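Residues -20 to -1, 1 to 543 (mature numbering (1 follows the signal peptide of the UniProt record, and there is no 0)) are what the sequence shown spells out, left to right. Using N, Cα and C, we set each Cβ at its ideal position, and we do this for glycine too. As the structure is a prediction and not an experimental result, all values here were calculated from the model. Below you'll find the structure, written out as structure tokens, and then a few comments.
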Amino acid sequence: MPLFPILVTIFLTLPALSLSVSCPLNITLFRSRPSSDPKTRCRYILQSLRILQSDYLRRTGFFPPSNASFSCWNTLQSHTHQYDIRSSCNLSSSSISLSCNNISTRSQFQDPLPLSALKPVWNACNQSLNSAASCALCTNALSNLDSHITDNTTDCKSIASIYAASFSDLQGPGTTECLFSLGFSSSVSTSKRRTILIVVFCVLAFFLLLFFGIFWAYFRLKQKKDICKTEMDLGSGLDSMNHSTTLIRFTFDEIKKATRNFAFDNIIGKGAYGNVYRGLLFDGTQVALKRFKNCSVAGDASFTHEVEVIASVRHVNLVTLRGYCTATTNLEGHQRIIVTDLMENGSVYDHLFGSAKQKLSWPIRQKIALGTARALAYLHYGAQPSIIHRDIKASNILLDRKFEAKVADFGLAKFNPEGMTHMSTRVAGTMGYVAPEYALYGQLTERSDVFSFGVVLLELLSGRRALQIDTDEQPSAVNDFAWSLVRNGKALDVIEDGMPELGPTEIVEKYVLVAVLCCHPQLHGRPTMDQVVKMLETEESLSSLIQQPMSCIAGRIDTEKSV
């Protein structure tokens, strides 16, 4: 046999021996994961080979050549010192290289693919893939790239992941975990640390919630105890009056039933303090219920004070207190309610300036004036200790079905200790009714109520408001209006036009002069309420009763002339 053909045959059968002197792959990147499951172990081996191919593509721009397979397998086997990798996983000798449409370079892979599919891979995968967000961006771009590869062979499907990984950091665990689903020791420890952190966080969150839950429960319990204690203190203070009076402590349910749950059509009065409701008690008695708004534990002192004042007095011309209600509920909060007899004819204000169709007759106005004067005289000289009302005005004088006057609303009332000539206190009351010395200097005396009564009496007589805007748009006080007429000898001109059943001229004039006297700018120029009652009760003229009032009027005229 000729020698030349034999040499040619030997040369063709051993190309690897002549061309694969050393393996061009970086074998140190190969990492396997021991596992008793052959499938799991072989999957890790195959994916590790993809990492070696990606590294080679990143460094050279080429996919591993087929003539390097033999030397690389030998180098890989000697590097691992483990079982026979190829035989245990049934891998062919060409597994290290790729056979996909004869693609051997990066440009050959990129050329048939659209730039719109390649650019997202370049941007999304050319970064650290350790975070879930960055991994998601890269895998989404890679999935879009896979859709443009029509060949479904194993190597052609794997080549896209190898291509994407060549842009990333193959040393970091993020790339191997994200693109090849390989979790090695570093990623495993990271996962363990993450799990430990989650467990620690959950435990801390549990104890924090437990702590705040206990604190909240303690705070609520303490708050309820404080409310209960306040209710007990308030109740005990008011209940002590129940033994000496006929006061009734109503439950909140009884109040709601009496007012039909505070129905809107039961409202008969409104004020800064709250609303007044008409109610019907279980025994059929009609009552008025004054419901205080914006109540709080801090404001119970004023409520207790008003109840205490009303409960301490008894007079036919004072509103009778039937009882009260103190309650605290989750929905309604603090409830403070005063229950009094119902006044069927409303207030003096309603008849003078409200919607009343008929004017009050002279006999009714005379009865109202005398009843109010008697009530104030009782507060000043009959009650012990004496009481200064501080808020006498037309809306606080109520009328029963017989038009008997009933002084109401003792929220601003002050007890006047025996022996005190005056008190210095914060100014309170309604503009137009407040005495000058009290408004200017806070000097409160019983004569302050006398001034307010004089203003109310002038309202009764003239039908004019305490303060009224005249044609020149300037506020005019009714007492100034009346005094200007009295000074010019026209006292009867103060009387409201068209008043029904007007009384004798001298009696009517006397009432005007008494009202003007009560509104004297100097407190010592005003009569006491005892003197006022005496002047109003008799039918005699003012000059025949007492000389002091007339001298006061003369003194006022002299004062004005000197000024």
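When you compare each of Asp389, Glu426 and Leu503 to Gly251 by their alpha carbons, which one comes out closest?
Position 271 of the sequence shown, counted from the first residue, corresponds to residue 251. Answer by Cα proximity: Asp389.
Backbone CA spacing between Met411 and Leu447 [nearest angstrom]
Sequence index remark: in the sequence shown, residue 411 carries index 431 (1-based). Sequence index remark: in the sequence shown, residue 447 carries index 467 (1-based). Roughly 8 Å separates the two Cα atoms.
Is Tyr198 helix, strand or coil by DSSP?
Locating residue 198 in the sequence shown gives position 218, counting from the first residue. Correct three-state label for Tyr198: helix.
Between the Cα of Arg316 and the Cα atoms of Cys105, Ala243, Tyr253 and Leu78, which residue gives the shortest distance?
By one-based count along the sequence shown, residue 316 stands at place 336. Nearest of Cys105, Ala243, Tyr253 and Leu78 to Arg316, Cα basis: Tyr253.
Are the beta-carbon atoms of Ser84 and Asp135 separated by less than 9 Å?
Residue numbering aside, residue 84 sits at position 104 when the sequence shown is read from its first letter. Residue numbering aside, residue 135 sits at position 155 when the sequence shown is read from its first letter. It is not a contact, given that the beta carbons lie outside the stated cut-off.
Nearest CA to the CA of Cys305: which residue from Phe230, Trp342, Leu261 and Gly259?
In the sequence shown, the residue the question calls residue 305 occupies position 325. The shortest CA-to-CA distance from Cys305 to any of Phe230, Trp342, Leu261 and Gly259 is the one to Phe230.
7 Å CB neighbourhood of Ser108 in its chain, flanking five on each side removed:
Locating residue 108 in the sequence shown gives position 128, counting from the first residue. Ser114, Asp149, Gly152 and Gly154.
Which residue's Cα is closest to the Cα of Leu465: Ala140, Pro343 and Val496?
On the sequence shown, residue 465 is found 485 positions in, with the first residue counted as 1. Nearest of Ala140, Pro343 and Val496 to Leu465, Cα basis: Val496.
Cutting at 8 Å between CB atoms, please list the residues of its own chain near Cys69, excluding the five before and the five after it.
Reading the sequence shown from its first residue, position 89 is the one you call residue 69. So the list reads Pro18, Arg21, Cys22, Ile25 and Leu26, once near-sequence residues are dropped.
Where Phe187 falls, given that 16 or more other Cβ within 10 Å makes a residue buried:
The residue you call residue 187 lines up with position 207 of the sequence shown. Here Phe187 is exposed, its C-beta having fewer than 16 other C-beta atoms within 10 Å.
So for Asn120, helix, strand or coil by DSSP?
Along the sequence shown, one-based indexing puts residue 120 at 140. Asn120 falls in the helix class under three-state DSSP.
Opposite His369 in the DSSP bridges: which residues?
For the purposes of this step, residue 369 is taken as the residue at position 389 of the sequence shown. BP columns for His369 are empty, so no partner.
Contacts around Leu360, its chain only, beta-carbon distance under 6 Å, and the 5 residues preceding and following it disregarded:
Counted from its first residue, the sequence shown places residue 360 at position 380. Reading off the sequence, residue 360 comes out as His, not Leu. Within its own chain, the residues whose Cβ lies closer than 6 Å to the Cβ of His360, once the five positions on either side in sequence are excluded, are Ser366, Glu426 and Met509, listed in chain order.
Option nearest Asn396 by Cα separation, candidates Val289, Leu269, Glu519 and Asn54
The sequence position of residue 396 within the sequence shown is 416, counting from 1. Asn396 has its Cα closest to that of Val289, out of Val289, Leu269, Glu519 and Asn54.
6 Å Cβ shell around Phe(-17) - same chain, five flanking residues per side excluded
Translated into positions along the sequence shown, residue -17 becomes position 4. Bear in mind that a pLDDT of 48 at Phe(-17), under 50, signals an unreliable position, so the model cannot answer this.
If you draw a straight line from the C-alpha of Ser111 to the C-alpha of Ser2, how long is it?
For the purposes of this step, residue 111 is taken as the residue at position 131 of the sequence shown. For the purposes of this step, residue 2 is taken as the residue at position 22 of the sequence shown. If you take the alpha carbons of Ser111 and Ser2, they lie about 37 Å apart.
According to DSSP, residues forming a beta bridge with Gln315:
Looking up residue 315 in the sequence shown gives position 335. Paired residues: Ala307.
Bridge-paired residues (DSSP) for Ile449
For this step, residue 449 is matched to residue 469 along the sequence shown. Per DSSP, the beta-bridge partners of Ile449 are Pro455.
Comparing C-alpha positions only, which one of Arg381, Gly303, Leu332 and Ser141 sits nearest to Ser442?
Mapped onto the sequence shown, residue 442 falls at position 462. In this structure, Leu332 is the residue among Arg381, Gly303, Leu332 and Ser141 with its C-alpha nearest to the C-alpha of Ser442.
Can you give me the C-alpha to C-alpha distance between Lys347 and Glu286, rounded to a whole angstrom?
On the sequence shown, position 367 is the one that residue 347 refers to. On the sequence shown, position 306 is the one that residue 286 refers to. Lys347 and Glu286: Cα-Cα distance of roughly 27 Å.
Contact check, Val488 vs Val328, beta carbons under 9 Å
The count along the sequence shown starts at 1 and reaches residue 488 at position 508. The count along the sequence shown starts at 1 and reaches residue 328 at position 348. No, the pair does not count as a contact, with Cβ atoms beyond the cut-off.
Rounded separation between Phe50 and Leu184 - CA only:
Start at 1 with the first residue of the sequence shown, and residue 50 comes out as number 70. Start at 1 with the first residue of the sequence shown, and residue 184 comes out as number 204. Approximately 57 Å between the Cα atoms of the pair.
Mapping the DSSP letters down to three states, classify Asp510 as helix, strand or coil.
Translated into the one-based positions of the sequence shown, residue 510 becomes position 530. Correct three-state label for Asp510: helix.
Tell me Phe395's beta-bridge partners as DSSP assigns them.
Counting from 1 along the sequence shown, the entry for residue 395 is found at position 415. Answer by DSSP bridge pairing, in chain order: Ile367.
Cα separation between Phe164 and Asn82?
Taking the sequence shown and counting its residues from 1, one reaches residue 164 at position 184. Taking the sequence shown and counting its residues from 1, one reaches residue 82 at position 102. With a pLDDT of 43 at Phe164, under the threshold of 50, the predicted position of this residue should be treated as unreliable, though the coordinate-derived value follows. Approximately 33 Å, taken between the alpha carbons.
Pick helix, strand or coil for Ser108, following the three-state DSSP scheme.
One-based indexing of the sequence shown puts residue 108 at position 128. Under the three-state reduction of DSSP output, Ser108 falls in the coil class, being neither helix nor strand.
Between the alpha carbons of Val179 and Ser87, how many angstroms are there, rounded?
Counting from one through the sequence shown, the residue named residue 179 turns up at place 199. Counting from one through the sequence shown, the residue named residue 87 turns up at place 107. For Val179 and Ser87, the distance between alpha carbons rounds to 49 Å.
Three-way DSSP call (helix, strand, coil) for Arg240 in this model:
Within the sequence shown, the letter at position 260 stands for residue 240. Assignment of Arg240 by DSSP, reduced to helix, strand and coil, places it in the coil class.
With C-beta atoms as the reference, is Val256 less than 9 Å away from Lys270?
Taking the first residue of the sequence shown as 1, we reach residue 256 at position 276. Taking the first residue of the sequence shown as 1, we reach residue 270 at position 290. A contact, by the Cβ cut-off of 9 Å.
C-beta atoms of Pro45 and Ser75 nearer than 9 Å:
Indexing the sequence shown from 1 puts residue 45 at position 65. Indexing the sequence shown from 1 puts residue 75 at position 95. The Cβ-Cβ distance between Pro45 and Ser75 does not fall below 9 Å.
Determine the DSSP secondary structure at Phe262, reduced to helix, strand or coil.
Walking along the sequence shown from the start, residue 262 turns up at place 282. Reduced to three states, the DSSP call for Phe262 is coil.
Leu9: which of Gly41, Thr40, His59 and Pro507 sits nearest, CA to CA?
Counted from its first residue, the sequence shown places residue 9 at position 29. Comparing Cα positions, the closest option is His59.
Does DSSP put Thr156 in a helix, in a strand, or in coil?
In the sequence shown, counting from the first residue as 1, residue 156 sits at position 176. Residue state, collapsed to three classes: helix.
Just mark Phe244 as buried or exposed, buried being the case when its beta carbon has 16 or more other beta carbons within 10 Å.
Taking the sequence shown and counting its residues from 1, the one referred to as residue 244 is at position 264. Counting Cβ neighbours within 10 Å, Phe244 comes out exposed, since fewer than 16 surround it.
Tell me which residues share the same chain as Leu(-2) and place their Cβ nearer than 6 Å to its Cβ, disregarding the 5 neighbours each side in the sequence.
Start at 1 with the first residue of the sequence shown, and residue -2 comes out as number 19. Confidence at Leu(-2) is low in this model, with a pLDDT of 46, below 50, so its placement is unreliable and no value can be given for it.
Go ahead and label Ala104 buried or exposed: buried means 16 or more other beta carbons lie within 10 angstroms of its beta carbon, across all protein chains shown.
Looking up residue 104 in the sequence shown gives position 124. Buried is the call here.
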